[in-house]
Each structure stands twice: as C-alpha cells, then as structure tokens.
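For reference, the structure discussed in these notes is given below.
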Amino acid sequence: MSWLAATAAGLVVLPLLLIFAFLLWQGASAVNVDFFTHLPKPVGEVGGGMANAIVGTLILLILAAILGLPIGILGGLYLAESRDRRLPWVARFLADVLNGVPSIVVGIFAYTVIVLPMRRFSALAGGFALAVIMLPIVVRTSEELVRLVPASLREAGLALGIPEWKVLLRVVLATARAGIITGVMVAIARVAGETAPLLFTAFGNRFWHQGLDQPIAALPLQIFAYAIAPYDDWHRQAWAGALVLIGLVFVVSFAARVVTSGRFTGVR
Amino acid sequence: MAVVAVPRVDTQAAPRNVGDQILRLVLRAAAMSLVLLVLAMVVAMLHAAWPAMRAFGWRFLASSTWDPVAEQFGAIPFVYGTLVSSLLALLIAVPLGIGAAIYLAELAPAWIRPPIAFLVELVAAVPSVIYGLWGIFVLAPLLRVWVQPVLGTTLGFLPLFQGPPYGVGMLAAGIILAIMIVPYITAVSREVLLAVPTSQREAALALGATRWETTRIAVLRYGRSGLVGAILLGLGRALGETMAVTMVIGNRPEVALSLFAPGYTMASVIANEFAEATSDLYLAALIEIGLLLFVVTVVVNAVARLLVWSVGGPVKAVRE
C-alpha cells in the first residue's frame, strides 16, 4: 500500500512539472524586451508587449495592500491576543469562511458597492476586490505568527512597567514582523494571479493606466483575453504573460519560504 | 487579627491606561470589520439580485431556459454543470489527495516530506488562469485526439461517453478542477493526519498491527471527520473555481448527460456574461446566480471548517 500512496503523491505534483515545462517551452521564446516595454499592438499587427498590464497588476497589488493589510494585521493581532469571549471565535470562523468564498463572488460584491455607484469600471474597484480576497489570509497568518511570539517576551515587557499597548505594538508585533512580512508576501502572491474578480471591476485596458477611477489593465486579465482570442501571436503572448506571472508568484512564494524557514523552524 | 487584602485576579479587568483602551478598540474594530464585511456581502448581493428574485421567484431554480433576449432566466444548466464538474473533480482528486496525504504524514521518509509538501503548496499557488491556458492548449487537444476516441470506443455504450470528441467540455473541466483542488485536499488532510495523537499509532503498533494497518485503523479512522472536512474544502474550491473552468468547459447552457459535451457552470456564466449584461434584469439574474454560489460555498466551507477543527482545534487551523 505504501507505493500506492507514493504514486498518489507523485501524481499530485506531476501537473506542476507538466505545466511548468510547457510554460518554459512556449513562453520563453515569446518573452523579450518588447514584452516588458511595449503596449499591446492593435489587432492584426504582430508584436507589442504587456508593459501596461504588468504596471497595472503592480498598481492593483499596491492598492489591495493599502486597503487590506492594516486591517488584516490588526485583526490577526486581535485574534491572537484577545480575551473576549465570542468575537474572536466568530471572526476566526468568518475569516476561514471568507477564504473559501469564490473570488468571482467577491468580484460581484466589489461591482455592487463600487462600480455601480461610480458608474464605471475602475482600478479602485479591482484593488478593493483583491483586498477582500487578501484579508482573511493576512488575518489568519498574522494570528499564527503572533501566537509564536514567546510569552516570556510579553511578560518581560509588562514586568518593566511598559503599558500593554506598547508591549503589543513594539515587542510582540516587532518580534513577529519578519514572519508577518512573509505571510503578507504569500497573500500578495496569491492575489497577483486572481483573474475572476477583476473581470468586471478593473475590467482591463489596452493602454497605460489613466487614474484610479478608470479601467486598468492586469496581467491575468490580459492572459485570459489573449488565450481565448483566435490569433496565434496572441496565444504566444499569453504563454509569455503566464510565464512572467508564474515567475512572479513562485519567486515571492519561494522567498517567503526561505525567510520563514530561517527564522521560525516550527511554523508548520 | 489583621485582614490581608487578597489581590483580585481578573483577566477581564478594564485597562487603566488610555493607550490600552485605544488599542483594544482599534483591534476590536479590525476584527469587527471582518464580520461587517461578510454581512455587507450578503446585503449588497441580496439587494442587487432582488429584481430577478421578484421576477422569477422559485422558477429561477427550476427552469433550464437561459434566454437573455426574451429575458427568461433559469439556473438549471449552470447548477447542473457546476455539480457534475465538481463531482467529477472529487472523484479523481479524493483518492489522490488522501493517498498523497497518507504518504506525506505517515509513510514517507523524513527527508522527502518537506520538498514534496512544498511542491504541493506550489501546485496550489499556480494562478487559475494559467491552468486554463494549459487546459486550452494542452489538455483539450490531448483529450480530443487520444483520450476521448479511446473512451468512446471502449465505454461508448455508456451515455456518459457518447457524442463527438470536442476536447473542451465537462470532462476537461473535471480534470482541470481535479488538478486544482487536489493540493488543498492533500494539504488539509495532511494537517489532519498530523494532528492525530501519537498514542493512537503506538496503541495499534503495540497490538501487532503493521504500518499500513496502523494507518488504516488508528489514524484514518481517528481523523475521519477531519478528512471529510478536507474533501468538503476541496469541493468548496471546485464549486467556485472560475477561470480555468470557463476556458475549458465549452460554455453552452445545456444539460447533457455526456461528459464529452460542452457545459456551463455558475461561476463561468458570471465570468462570461457579467460585463456584457445588457439589461438590469439580466444583470440581476447573474447576481442571483452569484448569490446562490455564495450561499452554497459558505455552507460547504462552514461545515468543512467545523469538521477540520473537530480534529485539530481552531487555533492551529490550516492555512491555504
């Protein structure tokens, strides 16, 4: 039976290798300097790049981080530290449930609360949608990492007569900082590839970004649009975009892994 | 007789410091915002879906007509497509995921566990749209040229495997979904198995059980509810997965028995038609589908969490 289980484990990671091989094979030939520096060419013209989409994705991620990180980290600190009775349980439960809500549903939510009142698709709506997706991940990761801070540090601070709020912010949070930064990076990597919630919030754009209240391009959106289009050159660029996107995601995940394993060997 | 004042130990004592009070308020507000966010989602979507709910009532769930021109909307084809593709995915992913988890938690040599666990995490980190891209250009042609003709000639007497091999369709969607949810099932099951107390294993071993018998009797049975939770978490993912499915399922709002036929899911109809919905009623109908998806996934996830927590406890809960 052991070899059966080992085969299963092999089959679970096999698609990763297959997909990665295809990405390298198809994408590497299409990634060039133009890809990173040029706007998409009009339909029918060969060449061009996805520079606007790369910039757009970065802008969306920064927006999402500004909106989602402070609440997420403070929420995590609350879950780890609070002695309240019901709220921590409810919040933890809702965070996990929210984590399971399909991202497209989050897109609809962002559409109803931001796009409809503003009467246009916008970068802001896209950033908000990504922030909502990011929030539960950041909350739970921060909670876990704050819990790892030894109680003796806390006690030492309190014994010195430092008020609790200062101990929490300057000792506990500062100790957990490296881990929380990693958790944040993982969360960002996770939302960087999100496509569904951007379809009708950020909407996509074939030009450079024109302000946060305007539709904005994003790498995953562009990959999707190019993949289902009937042009070979666009398919090639879709593979290139996918290679860049997965490179971004993997580098962040891997960096996070290295940082974490160096600092807290007992995290997982 | 001197009376000694015993200091009152009270963990709920109000903080004396103003800073403490402020921080407590801020932290509580951050946690409350999670609660408010979920409530706001429910309210906003109910509000936006209301026109469709008023116009169609329960017929929405019982009709298979999806005709934007005549403004007749029924959710049956999408519910059917979502259920069939997700069940197909579970059929493939559950044995693989649980098997891999058993390997990682019980059987594998210690040095091999971290790299494989890391690879499994990476499978989960690949963006959905990339699975879709791979599905369109690699999986679908593979199915069309090799797998479907073979299935059609050998098992073609079953209605499941009849019809022309398009490549894209329910089968492709199920396979892509299986690939995407298997890392979740593996990761959560592994955590569940690791949470099983060592004394369980020792007891079985002491009774003379082999390693496999120990796993089966002492570990799997103990962690049963958690494993069911892991499967439900995978199901929750599959139900709501959007991009990859949209790219390979064929997007035809019909109920067809054959796995070769194109289908449509709740998530993919939203992805395809939302930005192009021409009338308010059309948009409301799509949002109602989204609401339905929301409710179903919340219920599935809530049950799954409670089951997983029942083995490991909520604090060391699983990170995805």
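So the protein lines, in turn, are chains B and A.
Numbering-wise (numbering that gives the first Met the number 0), the first sequence opens with residue 0 and increments by one.
Numbering-wise (numbering that gives the first Met the number 0), the second sequence opens with residue 0 and increments by one.
Quick reminder that beta carbons are idealized off the backbone N, C-alpha and C, glycines included.
Bear in mind the structure is a predicted one, so any value in this text is a computation, not a measurement.
Neighbour list for residue i in chain B, Cβ cutoff strictly below 7 Å
{"i": "A/Thr185", "result": "Val11"}
{"i": "A/Thr296", "result": "Gly99, Val100, Pro101"}
{"i": "A/Leu95", "result": "Ala7, Leu10, Val11"}
{"i": "A/Pro182", "result": "Val11"}
{"i": "A/Phe293", "result": "Val100, Val104"}
{"i": "A/Asp19", "result": "Pro162, Glu163, Trp164"}
CA-to-CA distance, residue j to residue i, given in whole angstroms
{"i": "B/Thr181", "j": "B/Ala255", "result": "5 Å"}
{"i": "B/Asn204", "j": "B/Ala64", "result": "22 Å"}
{"i": "A/Ala316", "j": "A/Val307", "result": "For A/Ala316, the pLDDT reaches just 43, beneath the cut-off of 50, and the residue's location in the model is therefore unreliable, leaving the point undetermined."}
{"i": "A/Val17", "j": "B/Ala150", "result": "23 Å"}
{"i": "A/Thr81", "j": "A/Ala74", "result": "11 Å"}
{"i": "B/Val170", "j": "A/Val244", "result": "46 Å"}
{"i": "A/Glu319", "j": "B/Leu134", "result": "Any reading at A/Glu319 must be qualified, since the residue scores a pLDDT of 38, below 50, and its modelled position is unreliable; no value is offered."}
{"i": "A/Leu60", "j": "A/Tyr281", "result": "15 Å"}
{"i": "B/Val258", "j": "B/Phe127", "result": "28 Å"}
{"i": "A/Leu35", "j": "B/Ile72", "result": "17 Å"}
{"i": "A/Thr264", "j": "A/Leu90", "result": "18 Å"}
{"i": "A/Thr241", "j": "B/Ser1", "result": "35 Å"}
{"i": "B/Gln25", "j": "B/Arg235", "result": "7 Å"}
{"i": "B/Leu244", "j": "B/Leu218", "result": "7 Å"}
{"i": "B/Pro116", "j": "A/Gln161", "result": "48 Å"}
{"i": "B/Phe158", "j": "B/Leu23", "result": "One detail in the question is off: residue 158 of chain B reads as Ala in this sequence, not Phe. Answer to the nearest angstrom: the Cα atoms are 57 Å apart."}
{"i": "A/Ser85", "j": "B/Gly156", "result": "52 Å"}
{"i": "B/Val266", "j": "B/Leu172", "result": "Its pLDDT being 39, under 50, B/Val266 is placed unreliably by the model, and the measurement read from it follows with that caveat. Distance between the alpha carbons of B/Val266 and B/Leu172: 16 Å."}
{"i": "B/Leu168", "j": "A/Met31", "result": "20 Å"}
{"i": "A/Ala28", "j": "A/Ala139", "result": "49 Å"}
{"i": "B/Leu93", "j": "A/Gly235", "result": "15 Å"}
{"i": "A/Pro182", "j": "B/Val11", "result": "7 Å"}
{"i": "A/Ala303", "j": "A/Val297", "result": "10 Å"}
{"i": "A/Val37", "j": "A/Ser62", "result": "30 Å"}
{"i": "B/Phe263", "j": "B/Gly178", "result": "Confidence at B/Phe263 is low in this model, with a pLDDT of 45, below 50, so its placement is unreliable and no value can be given for it."}
Per-residue contacts from residue i into chain B (C-beta, under 8 Å)
{"i": "A/Ala217", "result": "Ordered by position in chain B, no residue passes the 8 Å Cβ test against A/Ala217, which lies about 15 Å from the chain."}
{"i": "A/Tyr102", "result": "Ser1, Ala4, Ala5, Ala7, Ala8"}
{"i": "A/Trp211", "result": "Met0, Ser1"}
Closest Cα partner of residue i within the set the options
{"i": "B/Ala241", "options": "A/Val42, A/Thr64, A/Ile288, A/Phe136", "result": "A/Phe136"}
{"i": "A/Asp66", "options": "A/Phe293, A/Ala301, A/Leu285, A/Ile184", "result": "A/Leu285"}
{"i": "A/Ala203", "options": "A/Arg220, A/Ala88, A/Arg53", "result": "A/Arg220"}
{"i": "B/Phe34", "options": "B/Phe202, B/Val257, B/Trp238, B/Gly9", "result": "B/Trp238"}
{"i": "A/Val187", "options": "A/Thr214, A/Phe72, A/Val310", "result": "A/Val310"}
{"i": "A/Pro252", "options": "A/Ala266, A/Ile230, A/Ile178", "result": "A/Ala266"}
{"i": "B/Gly99", "options": "A/Gly233, A/Pro196, A/Ala39", "result": "A/Gly233"}
{"i": "A/Trp133", "options": "B/Val11, B/Ala8, B/Leu17", "result": "B/Leu17"}
{"i": "A/Leu351", "options": "A/Ala177, A/Tyr79, A/Ala270, A/Ala217", "result": "The structure shown does not extend to residue 351 of chain A, since chain A spans only 0 to 319, so no value can be given for it."}
{"i": "B/Leu66", "options": "B/Phe223, B/Leu123, B/Pro219", "result": "B/Leu123"}
{"i": "B/Leu38", "options": "B/Tyr230, B/Gly246, B/Pro229, B/Ala216", "result": "B/Ala216"}
{"i": "B/Val190", "options": "A/Ala104, A/Ala124, A/Asp279", "result": "A/Ala124"}
{"i": "A/Glu190", "options": "A/Ile101, A/Gly235, A/Glu201, A/Ile180", "result": "A/Ile101"}
{"i": "B/Val131", "options": "B/Ala175, B/Arg146, B/Ser102, B/Val11", "result": "B/Ser102"}
{"i": "A/Met324", "options": "A/Ile269, A/Ala39, A/Val294", "result": "No answer is possible for residue 324 of chain A: the residues shown for chain A start at 0 and end at 319."}
Chain A residues whose Cβ lies nearer than 7 Å to that of residue i
{"i": "B/Phe92", "result": "Arg304"}
{"i": "B/Phe21", "result": "Trp133, Val137"}
{"i": "B/Val89", "result": "Val34"}
{"i": "B/Pro116", "result": "Correct list: empty, because the minimum Cβ distance to chain A is about 11 Å."}
Expected contact under 8 Å - CB spacing of residue i and residue j to nearest Å
{"i": "A/Ala51", "j": "A/Glu287", "result": "4 Å"}
{"i": "B/Pro14", "j": "B/Phe120", "result": "With 8 Å as the limit, B/Pro14 and B/Phe120 do not qualify as a contact, their Cβ atoms being about 33 Å apart."}
{"i": "B/Leu59", "j": "B/Ala201", "result": "6 Å"}
{"i": "A/Trp49", "j": "A/Ala283", "result": "7 Å"}
{"i": "B/Pro196", "j": "B/Gly55", "result": "14 Å between Cβ atoms; not a contact."}
Contacts that residue i makes with chain A (C-beta to C-beta distance below 8 Å)
{"i": "B/Met131", "result": "The question names Met, but residue 131 of chain B in the sequence shown is Val. Residues of chain A passing the Cβ test: Leu36."}
{"i": "B/Met198", "result": "It is Leu, not Met, that sits at residue 198 of chain B in the sequence shown. Chain A residues near B/Leu198: Ala270, Phe273, Ala274."}
Chain-ordered chain A contacts of residue i [CB-CB under 9 Å]
{"i": "B/Ser81", "result": "Arg23, Leu26, Arg27, Ala30"}
**Message:** If contact is defined by three or more beta carbon pairs under 8 Å, each pair taking one atom from either stretch, is the segment 252–268 of chain A in contact with the segment 169–183 of chain A?
**Reply:** yes
**Prompt:** Contact between the segment 142–156 of chain B and the segment 70–82 of chain B: three or more CB pairs below 8 Å?
**Reply:** yes
**Prompt:** Looking at C-beta atoms only, is the number of pairs between the segment 83–95 of chain B and the segment 207–227 of chain A that lie closer than 8 Å three or more?
**Reply:** no
**Asked** Is the segment 93–101 of chain A touching the segment 141–157 of chain A in the sense that three or more CB pairs, one from each, lie closer than 8 Å?
**Response** no
**Item:** Stretch-stretch touch, CB-based, cutoff 8 Å, three pairs: the segment 175–194 of chain A with the segment 119–127 of chain A
**Value:** yes
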